[in-house]
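K.L.:
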Amino acid sequence: MFNTTETPLGSIRTYEDWYIAKDVLMSTIGYRSMTDLLAKVDNTEQGYIQMPAGYKLRVLTDRGLQQFFERTNSTKDEFSIMREWWFTREKDRGEDVIQLYLNGCVLCGMAVSLLLMRPLTLYTKKRRLTHK
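In structure tokens:
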């Protein structure tokens with residue numbers, strides 16, 4: 009049911025695109041309560057997973073975990089380690105591939121524009137020389 013992701017402070021469980029909040033906040037960083045910490049995360053970026061045993065697990069999206077790390081100030085060493093891991097981890101490269109493709113399209117467009125402009129600059133230079 010769960011996948012695990014390795015971090016510098018141990019493994020955390022994930023479920024589809026959700027991170028188990030207890031694993032990140034309590035098990036790895038060492039906070040005793042999640043209530044105040046999760047108040048900093050938008051409600052749309054957190055939710056619950058109903059477990060077969062009848063209890064619910066609090067979960068966060070990628071964006072929710074990012075909001076937590078951006079909006080929380082903590083002096084705990086574990087927080088700094090996890091925050092650094094979060095922002096430098098290997099992310100899904102799907103968005104990066106799209107961005108690279110779009111950058112390539114822009115560069116091709118610029119190259120074509122330069123090629124089209126070159127004859128015009130040669131024409132204006134030649135025209136200036138003949139008028140002198």
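Letter by letter, the sequence shown follows residues 9 to 140 of my numbering. Built from N, CA and C at the ideal position, the CB exists for glycine as well. Keep in mind it's a predicted model, so treat the numbers as computed, not measured.
#1: Roughly how many whole angstroms lie between the Cα atoms of Leu-124 and Cys-113?
#2: In the DSSP output, what is Gly-22 paired with across the bridge?
#3: Would you tell me roughly how many angstroms separate the C-alpha atoms of Val-67 and Tyr-109, rounded to the nearest one?
#4: With respect to the beta strand (DSSP E) encompassing Ile-57, which residues constitute its N-terminal and C-terminal limits?
#5: Compare the beta carbon distance of Leu-33 and Tyr-39 with 8 Å and say whether it is the shorter of the two.
#6: For the ligand COA, is there a heavy atom less than 7 Å away from the beta-carbon of Phe-10?
#7: Go ahead and label Thr-36 buried or exposed: buried means 16 or more other beta carbons lie within 10 angstroms of its beta carbon, across all protein chains shown.
#8: Rounded to the nearest angstrom, what separates Asn-81 and Ala-61 at their Cα positions?
#9: Kindly indicate the opening and closing residues of the alpha helix (DSSP H) around Arg-71.
P.N.:
Answer, in terms of the structure:
#1: If I take the Cα positions, the gap works out to 17 Å.
#2: Going by the sequence as given, residue 22 is Thr instead of Gly. Note: Thr-22 sits in a beta bridge opposite Asn-11 and Tyr-27.
#3: Those two C-alpha atoms are separated by around 33 Å.
#4: Its beta strand (DSSP E) spans residues 54–58.
#5: For the 8 Å CB-CB criterion, Leu-33 and Tyr-39 form a contact.
#6: The model on display carries no ligand, and the ligand COA is accordingly not part of it.
#7: The C-beta of Thr-36 has 16 or more other C-beta atoms within 10 Å across all chains shown, which makes the residue buried.
#8: Cα to Cα, the separation comes out at about 35 Å.
#9: Per DSSP, Arg-71 belongs to the alpha helix (DSSP H) from 70–79.
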